[in-house]
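J.:
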Amino acid sequence: MATSILSIGQSALAAAQAGLSTTGHNIANASTPGYSRQVVIQGAAQPQNFGFGFMGQGTQISTVQRVYNEYLGVQVQSAQASQSGLNTYYTQIKQIDNMLADPTAGLSPSLQDFFSGIQAMASNPSNVPARQAVLSSADALAGRFQSLAGQLNEISQGVNSQIQSSVSSINSYAQQIAQLNDSIGKAQRATGQPPNDLLDQRDQLVLDLNKEIKATVVKQGDGSYNVFIGNGQSLVVGTTTSKLVSVASATDLSKIVVAYQSSSGSTIPLSESSLVGGQLGGLAEFRSKTLEPAQNALGRVAIGLASTVNAQHSLGQDLNGNLGGALFTLASPVVNASTGNTGSAVVTASISDAGALTTSDYRLQYDGSNYTLTRLSDNTATTFAPAALPQTVDGVTINVSTAPDPGDSFLIRPTVNGASGIGVAISDPALLAAAAPIRAAATSGNTGTGTIGAGSVNTPPPPNANLQQPVTITFTSATTYNVTGTGTGNPTGLTYTPGATISYNGWSTSISGTPAAGDSFTVASNTGGVGDSRNALLLGDLQTSNTLGNGTTSYQGAYSQFVSEIGNKTRELEVTSTAASNLLSQATLSAQNESGVNLDEEAANLLRYQQAYQAAGKVMQIASQLFDVLLSIGQ
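Structure (structure tokens):
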């Protein structure tokens, strides 16, 4: 009986010692990330039949178990992926929002200064300092476009670097999870008991992985984790891992994209839409939905401004009496052939109507019979046969040198370099075309009461029009007239209607009153028109004209819309990111309430197990004394 009591005491002592060790382990890891509280699971030992009944034989420990709720764990992982993605997107877009919100760095002040200079020149077109002020403000405006484009490009390069870093982290986490799968499997097969600390480490790695990209975990029968990302691509299967690699885009070598490398070594580019959640997903979404459209939107304003100002400036006359040239230089569309193309076709693109430009990029594909041009912003597709080339869509004219091979594709970015490529094309203030190139006048000696208007240049003038060609309008009677010039196609026998428009060779005018037979009027070069500001006034009118968006918005309107979209999206992400952070905190708190270490509770457990240990020792002491009594009887 004494030996039975001794063994019972020994079992109680061992259980109390295990409880003390487990409690101490909990206290030591109270601040360890991902640690789950552990408890000793014990029960009564198998009782023994003594004839008069069954008597207990002490206690036994079945296992040491971690307190972990898989459902709450999955909630935390999902909330972590969402919060990391939204926070990354918000952090990135906030850079653009801060840049545009800065009144000294935005575009609006430079736009206003440029057109203020145009208006000042219109007030005094022969004044050289006023003309120089126009060139200076044009330089400042071009510089502002280039500065904004440069900052957006720096953000783009930063996104590339962060994508590469995120891919490296994902691969590292995958490798560690696979190693823990192996270690956990070996430990469980050897002992039949769960290696709690290893399980915690693996769950923490899965949580860290969700900071980089949303990962789905499928638990296997042997306790190992299979981890999947994207559209179901396996990242970890048991002890085998696949890799993500960061590579240059097939159609834009300056852009880093993510590809999936399977265990067999094959590499498959992943679409940005499949990269959901986590830092990587946030970066991909920011780049495709905000950064690239922002570069295009800014470029559209620059190209629209340069194109329309150049068009109007070329219809004027400078101080030297020559027609105006281009005031601004502008960038051409970017066309990139896919590195996977097998043909040698060259695709070219040019801007034929700046007012019709969108902020989208386009993909041109050839299937062996037809071309398909897809507007990537809304996936609107236009299909046409090779005979329909050149093809014009949204103000961009596309041509192909020779037929590509079936399956070849090309990325067309009409406005991406618009802001970085704008510049001022002239440096001599005398070359600013403030005057109109024509002057209309009545010939001396006219006997009628007819008067002719100053005349204006048609917009756009017909191809190859010689605006400064001398033209004479001669009345053969009070009701008919001829238009003759040095070129061909002179109209004769035209019917005169007072005030009606007369158009010829790219200009228009009107005659009022009652001319007499033999009266004539001339329209010729505006020789000596240094004080004329008609074209400068038309240039100034462009500031408020709806020249972009197919005639729906002005330069400032298009820029303001771009700024507003960035601001609204930034505010939206600020709200949703905060909400996601709160959701993550709540999910984490719920999990911690069940799995986390409570130091007050563990302190109480220490006292409880200490008392149990002391009581077990007392039982063993009494058993020893009883055994001594038995020995003394035998003596």
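When we follow numbering that gives the first Met the number 0, the leftmost residue of the sequence shown carries the number 0, and every step to the right adds one.
Just so you know, even glycine gets a beta-carbon here, dropped at the ideal spot from N, CA and C.
(1) By the 10 Å Cβ neighbour count, where 16 or more other Cβ atoms means buried, how is residue 218 classified, buried or exposed?
(2) Contact check, residue 114 vs residue 293 under 8 angstroms by CB: the rounded distance?
(3) Beta strand (DSSP E) containing residue 251: first to last residue?
(4) May I ask you to verify whether the stretch 523–533 touches the stretch 432–450, counting CB pairs closer than 8 angstroms and requiring at least 3?
(5) Specify the secondary structure class of residue 188 as computed by DSSP and reduced to three states.
(6) For residue 520, which of 558, 537, 483 and 553 has the nearest alpha-carbon?
(7) Would a C-beta distance cut-off of 7 angstroms place residue 380 and residue 391 closer than the cut-off?
(8) From what residue to what residue does the beta strand (DSSP E) around residue 511 run?
(9) In angstroms, rounded to a whole number, what distance separates the CA positions of residue 122 and residue 532?
(10) Just reading off the beta strand (DSSP E) that residue 481 is part of, what are its end residues?
(11) Which residues bound the alpha helix (DSSP H) around residue 558?
(12) Under 8 angstroms by Cβ, that's how I've got residue 579 and residue 85 pegged, so tell me the actual separation to the nearest angstrom.
(13) Using the Cα positions of residue 382 and residue 246, report the straight-line distance between them to the nearest angstrom.
(14) By alpha-carbon positions, which one of 14, 284 and 201 ends up nearest to residue 34?
(15) Which residue wins for smallest C-alpha separation from residue 394, given the options 28, 361 and 271?
(16) Thinking just about the alpha-carbon of each residue, which of 99, 186, 160 and 174 is nearest to the one in residue 635?
(17) Helix, strand or coil for residue 417, going by three-state DSSP, please let me know.
(18) Who pairs with residue 293 in a beta bridge, going by DSSP?
(19) What residues in its chain sit with their C-beta under 7 angstroms from that of residue 555, if we drop five residues either side in the sequence?
(20) By DSSP's criteria, residue 305 is part of a beta bridge. Which residues make up the other side?
(21) Between the beta-carbon of residue 577 and the beta-carbon of residue 93, is there less than 7 angstroms?
(22) For residue 364, list the residues DSSP reports as bridge partners.
(23) On the premise that residue 403 lies in contact with residue 354, defined as a C-beta separation below 8 angstroms, what is that separation, rounded to the nearest angstrom?
(24) Please classify residue 600 as buried or exposed, where buried requires at least 16 other C-beta atoms within 10 Å of its C-beta.
(25) From this set, 242, 137, 153 and 161, which residue's C-alpha is nearest residue 173's C-alpha?
(26) Let me confirm a value: residue 501 is counted as buried when at least 16 other C-beta atoms fall within 10 Å, else exposed. Which label applies?
(27) Once DSSP output is grouped into helix, strand and coil, what is the label at residue 435?
(28) Quick check on the burial criterion: 16 or more other C-beta atoms within 10 angstroms. Buried or exposed for residue 129?
(29) Select from 279, 539, 27 and 104 the residue whose C-alpha is nearest the C-alpha of residue 167.
(30) Does the stretch 590–609 come into contact with the stretch 26–40, if we say contact requires no fewer than three beta-carbon pairs (one atom in each stretch) closer than 8 angstroms?
(31) Below 7 angstroms CB to CB, which residues in the same chain sit around residue 499 once its five sequence neighbours on both sides are set aside?
(32) Please report the Cβ distance between residue 145 and residue 535, rounded to the nearest whole angstrom; I am assuming they are in contact, meaning their Cβ atoms lie under 8 angstroms.
(33) For residue 386, count neighbouring C-beta atoms within 10 Å of its own C-beta (all shown protein chains included) and say buried if the count is 16 or more, exposed if not.
(34) Within the continuous alpha helix (DSSP H) that includes residue 108, where are the two ends?
(35) Near residue 83, which residues of its chain fall below 6 angstroms by C-beta distance, leaving aside the five closest residues on each side in sequence?
(36) Just to check my reading of the structure: residue 44 and residue 59 have Cβ atoms closer than 8 angstroms, yes? What is that Cβ distance to the nearest angstrom?
T.: In terms of the structure at hand:
(1) Within the sequence shown, the letter at position 219 stands for residue 218. The residue in question, residue 218, is exposed, as its Cβ has fewer than 16 Cβ neighbours within 10 Å.
(2) Within the sequence shown, residue 114 is the residue found at index 115, counting from 1. Within the sequence shown, residue 293 is the residue found at index 294, counting from 1. Contact flag wrong, Cβ pair sits at about 24 angstroms.
(3) Numbered from 1 along the sequence shown, position 252 holds the residue referred to as residue 251. Unbroken beta strand (DSSP E) run through residue 251: 251–260.
(4) yes
(5) The residue given as residue 188 occupies position 189 in the sequence shown. DSSP places residue 188 in helix when its eight states are reduced to three.
(6) Working through the sequence shown from its first residue, we reach residue 520 at position 521. Nearest C-alpha to residue 520: 483.
(7) Numbered from 1 along the sequence shown, position 381 holds the residue referred to as residue 380. Numbered from 1 along the sequence shown, position 392 holds the residue referred to as residue 391. No, they are not a contact pair.
(8) As a working note, residue 511 is residue 512 in the sequence shown. Residues 506–511.
(9) Mapped onto the sequence shown, residue 122 falls at position 123. Mapped onto the sequence shown, residue 532 falls at position 533. Using only the alpha carbons, I get a separation of about 7 angstroms.
(10) Position 482 of the sequence shown, counted from the first residue, corresponds to residue 481. Element bounds for residue 481: 479–484.
(11) Numbered from its first residue, the sequence shown carries residue 558 at position 559. Per DSSP, residue 558 belongs to the alpha helix (DSSP H) from 554–594.
(12) Here residue 579 is taken as the residue at index 580 of the sequence shown, counted from 1. Here residue 85 is taken as the residue at index 86 of the sequence shown, counted from 1. Contact holds; Cβ gap of about 5 angstroms.
(13) Residue numbering aside, residue 382 sits at position 383 when the sequence shown is read from its first letter. Residue numbering aside, residue 246 sits at position 247 when the sequence shown is read from its first letter. Spanning the two alpha carbons is a distance of roughly 31 angstroms.
(14) On the sequence shown, residue 34 is found 35 positions in, with the first residue counted as 1. Cα-wise, what sits closest to residue 34 is 201.
(15) Reading the sequence shown from its first residue, position 395 is the one you call residue 394. The option with the nearest alpha carbon to residue 394 is 361.
(16) The structure shown does not extend to residue 635, since the chain is modelled only from 0 to 634, so the question has no answer here.
(17) On the sequence shown, position 418 is the one that residue 417 refers to. Residue 417 falls in the helix class under three-state DSSP.
(18) Mapped onto the sequence shown, residue 293 falls at position 294. DSSP output for residue 293 lists no bridge partner at all.
(19) As a working mapping, residue 555 is identified with position 556 in the sequence shown. 107 and 110, listed in sequence order.
(20) Here the question's residue 305 lines up with position 306 in the sequence shown. DSSP output for residue 305 lists no bridge partner at all.
(21) The residue given as residue 577 occupies position 578 in the sequence shown. The residue given as residue 93 occupies position 94 in the sequence shown. Taking 7 angstroms as the Cβ cut-off, residue 577 and residue 93 do not qualify as a contacting pair.
(22) Residue 364 sits at position 365 when you count from the first residue of the sequence shown. Bridge partners of residue 364: 371 and 408.
(23) Along the sequence shown, read from residue 1 onward, the residue named residue 354 stands at position 355. Along the sequence shown, read from residue 1 onward, the residue named residue 403 stands at position 404. The pair is not a contact, with the Cβ atoms about 30 angstroms apart (cut-off 8 angstroms).
(24) Start at 1 with the first residue of the sequence shown, and residue 600 comes out as number 601. Exposed, since its Cβ has fewer than 16 Cβ neighbours within 10 Å.
(25) Numbered from its first residue, the sequence shown carries residue 173 at position 174. Ranking 242, 137, 153 and 161 by Cα distance to residue 173 puts 242 first.
(26) Working through the sequence shown from its first residue, we reach residue 501 at position 502. Result: buried.
(27) Here residue 435 corresponds to residue number 436 of the sequence shown, with the count starting at 1. It is coil, neither helix nor strand.
(28) The residue labelled residue 129 in the question sits at position 130 within the sequence shown. Buried.
(29) The residue you call residue 167 lines up with position 168 of the sequence shown. The option with the nearest alpha carbon to residue 167 is 279.
(30) yes
(31) Counting from 1 along the sequence shown, the entry for residue 499 is found at position 500. Taken in chain order, the residues that qualify are 509.
(32) The residue you call residue 145 lines up with position 146 of the sequence shown. The residue you call residue 535 lines up with position 536 of the sequence shown. At roughly 25 angstroms, the Cβ-Cβ gap does not stay under 8 angstroms, so residue 145 and residue 535 are not in contact.
(33) As a working note, residue 386 is residue 387 in the sequence shown. Exposed.
(34) The sequence position of residue 108 within the sequence shown is 109, counting from 1. Residue 108 -> alpha helix (DSSP H) spans 107–122.
(35) In the sequence shown, residue 83 corresponds to position 84, counting from 1. Taken in chain order, the residues that qualify are 210, 277 and 278.
(36) Here residue 44 corresponds to residue number 45 of the sequence shown, with the count starting at 1. Here residue 59 corresponds to residue number 60 of the sequence shown, with the count starting at 1. Residue 44 to residue 59, Cβ: 5 angstroms. Contact.
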